[in-house]
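Number of protein chains: 2
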Amino acid sequence: MKKDLRIIKTKESLRHSLLALLKRKPLDTITIAELCREANINRGTFYLHYREVHEVFKEYLEVIVEDLKQSYEEPYYKTNYRIQNIDADMIKIFHHVKKYKDFYQIIFDEHIPMMYYYLLFDTVRSFMKNSIEEHFELDDGIQLDYLISYQTNAILGILIEWHRQGYETSIQELNQYFMTILSVKLPRS
Amino acid sequence: MKKDLRIIKTKESLRHSLLALLKRKPLDTITIAELCREANINRGTFYLHYREVHEVFKEYLEVIVEDLKQSYEEPYYKTNYRIQNIDADMIKIFHHVKKYKDFYQIIFDEHIPMMYYYLLFDTVRSFMKNSIEEHFELDDGIQLDYLISYQTNAILGILIEWHRQGYETSIQELNQYFMTILSVKLPRS
DNA sequence: GAATATATTGAACATGTGTACAGTAAAAAT
DNA sequence: ATTTTTACTGTACACATGTTCAATATATTC
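Listed below in structure tokens is the structure:
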């Protein structure tokens, strides 16, 4: 039971047309009708596969996030989860975001639904989960999910800041900041 | 030069009607036309003040976030920025979110635009900025903005996790997790 | 209280949304 | 190659969107 060729053709046409439109105008101004005209697809057909323009974009984003996953799963030297490894991991994320800057600018836009942020969050979170579960020494009485979400979103906080500063900070600088942050300790009582 | 009473009346009517509608259906299904019918406001009038339903909700949220600010500015014993103070600060945020749980469930919904998240982010960030600037010993060569955004979003990560677990974790437990997280140290090489 | 300013209304228009359905085209299955 | 299945089209409908404009209502100002 293979996927119907017509469906593949339709979806590819929509994805392709969305990219074309994105070069001319922002995502949240692109209507379904407009996208269908561009793609020469009947509007009714659109609703057979998607409910909103965002879902088409999300499929694109999933491909991009797949790229992030790939680069993460590259076998590189992981001895212990020490600073060097965190270093390497973060550099990868920073490079990835820079590479697809045009997309991440859309994702972090304030008019865009949270769904894209969560897609990114869940992806990075799965890396974080592995790292933390394998390499952290945990105190009793902590629910791991909270630690993982805390750490994950902290990193996304750096990306948000990067975004807001127009991606002007270089990756080297960004990574240096990150490493410094990790070394900052809260003064304990 | 006072604000025109008619404007105040119109806006209040819209806010009030939005709340009424929110009790019956989710935010992203409420149309402008529907809101105006409920409020007995001409649809054209709506466009004189807002561009989308979200902007009405955002005004509500601003009031709520104001409540967070108020509770934060309560003068309580701040000697040094030590664990006890962080403790107290976080408890405040957790209580606040719990108090307005119905709203934060909307804010964290995946269909909702990022604007609300950023509103919360910026609010918490301003607290964080003060705390960090006053009380942290900083290494040279770090751009403070990145540290602040990192820490801020880390906390929001806990709230996201809380949200996803249906706010079932108690505030005491949540705070305990948070304190444990802060004490977790990365193993250094 | 009268004059002035302006917020609101109601109507209209082009376009978008979401859905339904019968007819057609193009796949997959035999 | 024929049959069967199903994706796509074209049309239609009720409703939503975003804007314009003259008429009206209701503030503010003097």
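Going line by line, the protein sequences match chains A and B. For reference, each letter of the first sequence is one residue, going 1 to 189 in this note's numbering. For reference, each letter of the second sequence is one residue, going 1001 to 1189 in this note's numbering. Virtual Cβ for every residue (Gly too), placed ideally from N, Cα, C. Here the structure is a predicted model, which is why all the values come from computation and not from measurement.
Under the 8 Å criterion on CB atoms, T1123 of chain B is classed as non-interfacial with respect to chain A. Out of B:F1121, B:I1171 and B:Y1167, the CA that lies nearest to the CA of N1153 of chain B is found in B:F1121.
Short of 8 Å from the beta carbon of A33 of chain A, and not among the five residues preceding or following it, lie these beta carbons of its own chain, in chain order: R43. R1164 of chain B: member of the alpha helix (DSSP H) spanning L1144 to R1164, first to last residue. In chain order, S1149, Y1150, T1152, N1153 and A1154 make up the part of chain B whose C-beta sits under 7 Å from the C-beta of G157 of chain A. By the neighbour-count definition (other C-beta atoms within 10 Å, threshold 16), R1125 of chain B is a buried residue. Using a CB distance below 8 Å, the part of the segment 85-113 of chain A facing chain B consists of I86, F108, D109, E110, H111, I112 and P113, ordered along the chain. Judged by DSSP secondary structure, M1179 of chain B falls within the alpha helix (DSSP H) whose first and last residues are I1171 to S1183. Using a Cβ-Cβ cut-off of 8 Å, I1064 of chain B does not count as an interface residue toward chain A, since no Cβ of chain A sits closer than that to its own.
Apart from sequence neighbours up to five positions away, the residues of its chain that approach V1053 of chain B with a beta-carbon distance below 8 Å are L1018, L1027, I1030, T1031, I1032 and L1035, ordered along the chain. Beta bridge pairing from DSSP links P1113 of chain B with A:P113.
With respect to chain B, the C-beta atom of D4 of chain A has no partner C-beta closer than 8 Å. Pairwise C-beta distances place the segment 1102-1119 of chain B in contact with the segment 108-115 of chain A, as three or more of them are shorter than 8 Å. Residue contact check for E161 of chain A against chain B: a CB pair falls below 8 Å. Here the segment 1154-1169 of chain B lies against the segment 149-168 of chain A, with 3 or more beta-carbon pairs under 8 Å apart.
Residues of chain B whose Cβ lies closer than 7 Å to the Cβ of Q143 of chain A are, in chain order, Y1177.
Linking L1174 of chain B to S1071 of chain B through their CA atoms gives a straight-line distance of about 19 Å. Using beta-carbon distances, Y118 of chain A counts as an interface residue toward chain B, with a partner under 8 Å. At least one CB atom of chain A sits nearer than 8 Å to the CB of M1115 of chain B. Cβ-Cβ distances below 8 Å link Y100 of chain A to I64 and D67 in the same chain, with the five nearest sequence neighbours on each side left out; the list follows chain order.
Between I7 of chain A and L1147 of chain B, the C-beta spacing is not below 8 Å.
Annotation: E1134 of chain B to S1149 of chain B spans about 16 Å, alpha carbon to alpha carbon. Sequence-distant Cβ neighbours of Y60 of chain A in its own chain, meaning closer than 8 Å and more than five residues away, are R15, L18, L19 and F103.
Sixteen is the threshold: when 16 or more other Cβ atoms of the shown chains lie within 10 Å of the Cβ of D1089 of chain B, as they do, the residue is buried. Ranked by how close their Cα comes to the Cα of S1013 of chain B, the residues B:I1041, B:L1005 and B:K1025 have B:I1041 in first place.
A Cβ of chain A is located within less than 8 Å of the beta carbon of I1181 of chain B. Along the segment 20-46 of chain A, the alpha helix (DSSP H) occurs as fully enclosed runs of 4 or more residues at 32-39, listed in sequence order. In chain order, V1097 place their CB closer than 7 Å to the CB of L1159 of chain B, counting only its own chain and leaving out the 5 sequence neighbours on each side.
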